[in-house]
Amino acid sequence: MEFVALSNTIKVPTFTTIFNTSTTHPLPNTFFPFPSLRSCACKAIISTNQTSSHPAQKSNNNVLQPHSIDFELSSLTALSPLDGRYWGKVKELAPFMSEYGLIFYRVLVEIKWLLKMSEIPEITEVPSFSEDAKSYLQSLIDNFSVNDALEIKDIEKVTNHDVKAVEYLLKQKCQSNPEVAKVLEFFHFACTSEDINNLAHALMLKDAMNSVIFPVMDKLIEALCKLAKDNAHVPMLSRTHGQPASPTTLGKEIAIFAVRLSRERKDLSQVEILGKFAGAVGNYNAHVVAYPDVNWPHVAEEFVKSLGLSFNPYVAQIETHDYMAKLFHSLIQFNNILLDFDRDVWGYISLGYFKQITKAGEIGSSTMPHKVNPIDFENSEGNLGVANGGLSHLGMKLPISRWQRDLTDSTVLRNMGVGIGHSLLAYKSTLQGIGKLQVNEARLSEDLNQCWEVLAEPIQTVMRRYGVPEPYEKLKELTRGRAVTKESIREFIQRLDIPEAAKLNLLKLTPGTYVGAAVELARTVENAVSK
């Protein structure tokens, strides 16, 4: 795209994008589920009418001039950090959530629809395919590669229509197969682009969640369960409103997050991934005219379900995206719970309750050599914020479309991978942080031993049981705003007019033993998670 000069001094550069198949950035051969995936690259060439011997040469009036550099896509030039700095941590999403993934699933849907039509007796023009023809069509799916996707992008430059470009490529490839060549015009038969797109997007989400996101969520929940059980017995001072409160155990507080996250993960897995296949405005208009004897709603339902999706019969041109909103909002809730955990652990590290295992060569601060910062939890928190911002827009925008359809959802849907990618990055950061944690029991005990006032709660509760008047008020007078020690608490207990056995039980209490059922709750966390 070209821009005119903003002034006589500064020239605005021309940007040209070049796609090619050669790159120093090959995609791995293990790029599941597409074994033929190889490589792709793009170049951004920035040029001006001026030449310079240095990338950023100053003009006579000391104004920095635009420069000319031939940029290739790499971790340094990618606009999104997901495709640059963090690529190694999120690349397993690329087969599903990338432009390549979208094109692949479009190809899959188009081919599966042609195969489905060959099974409908009333459509005599598409006879049943032989096993060889079926195998050939399936091979187009199994062997789909980046080069195939790039070929589709080249066709799109002419058609200016991405879905039509898929249809044209399939027609080209199938000309060599005698059986399929006879029915080329039945590719994309009676379909609107959104019949293909909505199923492609649904499959992208389904496979990305099942293959990548759910397994990492499960690892996260498992790590929390282990941390909870390992520290079920470790007493910890609670803090409500930031002030000392009734003690708990470290394990039980971690267990809370394991259960919360597992509950949300279960809700996510139960979201129905929906698809439609009802033509231009959801009424099978063209279908009925072409083949009035076919039960098209039944055929569409069978086809959508054959892809592993649930069927939505009441739609306009687009699938209504309500399930997407539900999915994204559930993902936001999972992320919010994890963000809460990140902040709590950050605070516990600050209090000294956790130490962090150091790694040789790592630097915490460029100027303070002693620093070991909780960077994994901070990284997770930051990425969860970015993820939730994108997912929130998706969840709020996608269910809204003017009349039977507008195009605003199209560009938004291309950003599904952004929110999901930053979520994945956050999950991995939290997992990495958990792996570095080392409990500092001495520091935990120190805080407890300085807060004997927390025993005011059980003392006044026992006083209530035995009818001692104004128990709350008496403990308030003893403890509120005053320094409370082991000795002053025990002296108060000795003066109580309660049964001797009850008094002895109170005298045995310490801030470290006053943890209620916390130990058992932490030890049995896996039972709660499994439910």
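full-length UniProt numbering applies: residue 1 is where the sequence shown begins, and numbers increase by one.
All C-beta atoms, glycine included, are put in the ideal place defined by N, C-alpha and C.
Owing to the predicted nature of the structure, the values given are computational and were not obtained by experimental measurement.
Please list the segments of the beta strand (DSSP E) lying wholly inside the UniProt domain "Adenylosuccinate lyase PurB C-terminal" (401-515), counting only runs of 3 or more residues, in order along the chain. Here the runs fully enclosed are 437-439.
Check whether LEU220 and LEU351 have beta carbons under 8 Å apart: Counting from 1 along the sequence shown, the entry for residue 220 is found at position 220. Counting from 1 along the sequence shown, the entry for residue 351 is found at position 351. Between LEU220 and LEU351, the C-beta spacing is not below 8 Å.
Is LEU268 near LEU327, with beta carbons less than 8 Å apart? Working through the sequence shown from its first residue, we reach residue 268 at position 268. Working through the sequence shown from its first residue, we reach residue 327 at position 327. It is a contact, given that the beta carbons lie within the stated cut-off.
Would you mind sorting ILE420 into buried or exposed? The rule is 16 or more other CB atoms within 10 Å of its CB. Translated into the one-based positions of the sequence shown, residue 420 becomes position 420. By the neighbour-count definition (other C-beta atoms within 10 Å, threshold 16), ILE420 is a buried residue.
Using three-state DSSP, classify PRO235 as helix, strand or coil. The residue labelled residue 235 in the question sits at position 235 within the sequence shown. If DSSP states are grouped into helix, strand and coil, PRO235 belongs with the strands.
Taking just the CA atoms, how far does ALA258 sit from SER530? Residue 530 sits at position 530 when you count from the first residue of the sequence shown. Residue 258 sits at position 258 when you count from the first residue of the sequence shown. Those two C-alpha atoms are separated by around 11 Å.
By how many angstroms is the C-alpha of TYR348 removed from the C-alpha of VAL90? Looking up residue 90 in the sequence shown gives position 90. Looking up residue 348 in the sequence shown gives position 348. Each residue's alpha carbon lies about 29 Å from the other.
Which residues mark the beginning and the end of the alpha helix (DSSP H) in which GLN243 is found? The residue given as residue 243 occupies position 243 in the sequence shown. Careful: GLN243 lies outside any alpha helix (DSSP H), inside the beta strand (DSSP E) at 243-249.
Apart from the five residues on each side of it in sequence, which residues of its chain come closer than 6 Å, Cβ to Cβ, to ILE103? As a first step, residue 103 must be located in the sequence shown, where it is residue number 103. So the qualifying residues of the chain are ALA149 and ILE152.
Output needed for TYR291: all residues of its chain with C-beta closer than 7 Å, excluding positions within five of it in sequence on either side, in chain order. The residue you call residue 291 lines up with position 291 of the sequence shown. Setting aside the 5 residues that flank it on each side, TYR291 is surrounded in the same chain by GLU122 and ILE123, each with a C-beta closer than 7 Å to its C-beta; the list follows chain order.
Taking only three categories from DSSP, how would you classify LYS134? Mapped onto the sequence shown, residue 134 falls at position 134. LYS134 falls in the helix class under three-state DSSP.
Buried or exposed: where does THR334 fall if 16 or more other Cβ atoms within 10 Å of its Cβ makes it buried? As a position in the sequence shown, residue 334 is number 334, starting the count at 1. The sequence given here has Phe at residue 334, not Thr. Only buried fits PHE334, as 16 or more other CB atoms lie within 10 angstroms of its CB.
Continuous alpha helix (DSSP H) stretch holding GLN270: start and end: In the sequence shown, counting from the first residue as 1, residue 270 sits at position 270. Premise fails: GLN270 is in no alpha helix (DSSP H) and is neither H nor E.
In terms of DSSP beta bridges, what is SER310 paired with? One-based indexing of the sequence shown puts residue 310 at position 310. DSSP, once it has assigned bridges, lists LEU274 as partnering SER310.
Let's test the definition: count the other Cβ atoms within 10 Å of the Cβ of VAL525 and tell me whether it reaches 16, buried, or not, exposed. On the sequence shown, position 525 is the one that residue 525 refers to. Label assigned to VAL525: buried.
Stretch pair the segment 274-290 + the segment 174-184: three plus CB contacts closer than 8 Å: These segments do not touch.
Here's a check: name, in chain order, each residue in its chain whose Cβ is nearer than 8 Å to the Cβ of GLU301, leaving out the five neighbours to either side. Taking the first residue of the sequence shown as 1, we reach residue 301 at position 301. So the list reads PHE311 and PRO313, once near-sequence residues are dropped.
Starting from GLN356, trace the beta strand (DSSP E) both ways and give me its first and last residue. Within the sequence shown, numbered from 1, the residue matching residue 356 stands at position 356. Its beta strand (DSSP E) spans residues 354-356.
Measure the alpha-carbon distance for residue 533 versus PHE492 and round it to whole angstroms. In the structure as shown, the chain begins at 1 and stops at 531. Residue 533 is therefore absent and cannot be evaluated.
Grouping DSSP H, G and I as helix and E and B as strand, with all else coil, what is THR159? Against the sequence shown, residue 159 aligns to sequence position 159. In the three-state DSSP reduction, THR159 falls in the helix class (H, G or I).
Under DSSP, the alpha helix (DSSP H) around ARG85 begins and ends at which residues? For this step, residue 85 is matched to residue 85 along the sequence shown. Neither: ARG85 is in no alpha helix (DSSP H) and is coded neither H nor E.
Between TYR427 and MET217, which are expected to be in contact by the criterion C-beta below 8 Å, what is the C-beta distance as a whole number of angstroms? One-based indexing of the sequence shown puts residue 427 at position 427. One-based indexing of the sequence shown puts residue 217 at position 217. The pair is a contact, with the Cβ atoms about 7 Å apart (cut-off 8 Å).
Just checking my contact of GLY251 with ALA522 at CB under 8 Å: how many whole Å lie between their CB atoms? Counting from one through the sequence shown, the residue named residue 251 turns up at place 251. Counting from one through the sequence shown, the residue named residue 522 turns up at place 522. With a contact defined as Cβ atoms closer than 8 Å, GLY251 and ALA522 qualify at about 3 Å.
contact_flag[the segment 472-487, the segment 453-461] where n(CB pairs < 8 Å) is 3 or more: Contact between the segment 472-487 and the segment 453-461 is present, because at least three Cβ pairs lie under 8 Å.
Hey, would you say MET324 sits closer than 8 Å to ALA208, going by beta carbons? Along the sequence shown, read from residue 1 onward, the residue named residue 324 stands at position 324. Along the sequence shown, read from residue 1 onward, the residue named residue 208 stands at position 208. Their beta carbons are not under 8 Å apart, which means MET324 does not touch ALA208 by this criterion.
Measuring only the C-alpha atoms, how far is CYS191 from LYS266? Counting from one through the sequence shown, the residue named residue 191 turns up at place 191. Counting from one through the sequence shown, the residue named residue 266 turns up at place 266. Using only the alpha carbons, I get a separation of about 35 Å.
Just to confirm, are LEU424 and VAL234 a CB contact at a threshold of 8 Å? Mapped onto the sequence shown, residue 424 falls at position 424. Mapped onto the sequence shown, residue 234 falls at position 234. No. Outside cutoff.
Nearest-angstrom Cα distance between residue 534 and VAL212? Because the chain is modelled from 1 through 531, residue 534 falls outside the range shown and cannot be assessed.
Contact belief for VAL112 with LEU307 at Cβ below 8 Å, rounded distance in angstroms: Taking the sequence shown and counting its residues from 1, one reaches residue 112 at position 112. Taking the sequence shown and counting its residues from 1, one reaches residue 307 at position 307. The identity of residue 112 in the sequence shown is Lys, whereas the question assumes Val. Separation of the CB atoms of LYS112 and LEU307 is rounded to 7 Å, and the pair is thereby assigned contact status at 8 Å.
Whose C-beta lies closer than 8 Å to the C-beta of ALA316 among residues of the same chain, with five residues either side of it excluded? Within the sequence shown, residue 316 is the residue found at index 316, counting from 1. Hits under 8 Å: VAL281, GLY282, SER401, TRP403, GLN404 and ARG405.
I think ASN147 touches VAL439, with their Cβ atoms under 8 Å apart; what is that distance to the nearest whole Å? As a working note, residue 147 is residue 147 in the sequence shown. As a working note, residue 439 is residue 439 in the sequence shown. Between VAL439 and ASN147 the Cβ distance is about 53 Å, and since that is not below 8 Å, they are no contact.
What are the boundary residues of the alpha helix (DSSP H) that includes LEU398? Taking the sequence shown and counting its residues from 1, one reaches residue 398 at position 398. It is not in any alpha helix (DSSP H) - LEU398 carries neither H nor E in the DSSP assignment.
For PRO28, count neighbouring Cβ atoms within 10 angstroms of its own Cβ and tell me buried if that reaches 16, exposed if not. Within the sequence shown, residue 28 is the residue found at index 28, counting from 1. Only weak support is given to the placement of PRO28: the predicted model assigns it a pLDDT of 41, under 50, and the value that follows is read from those uncertain coordinates. Exposed, since its Cβ has fewer than 16 Cβ neighbours within 10 Å.
Starting from GLY347 and walking both ways along the alpha helix (DSSP H), at which residues does that stretch end? Position 347 of the sequence shown, counted from the start, is the residue given in the question as residue 347. Element bounds for GLY347: 322-351.
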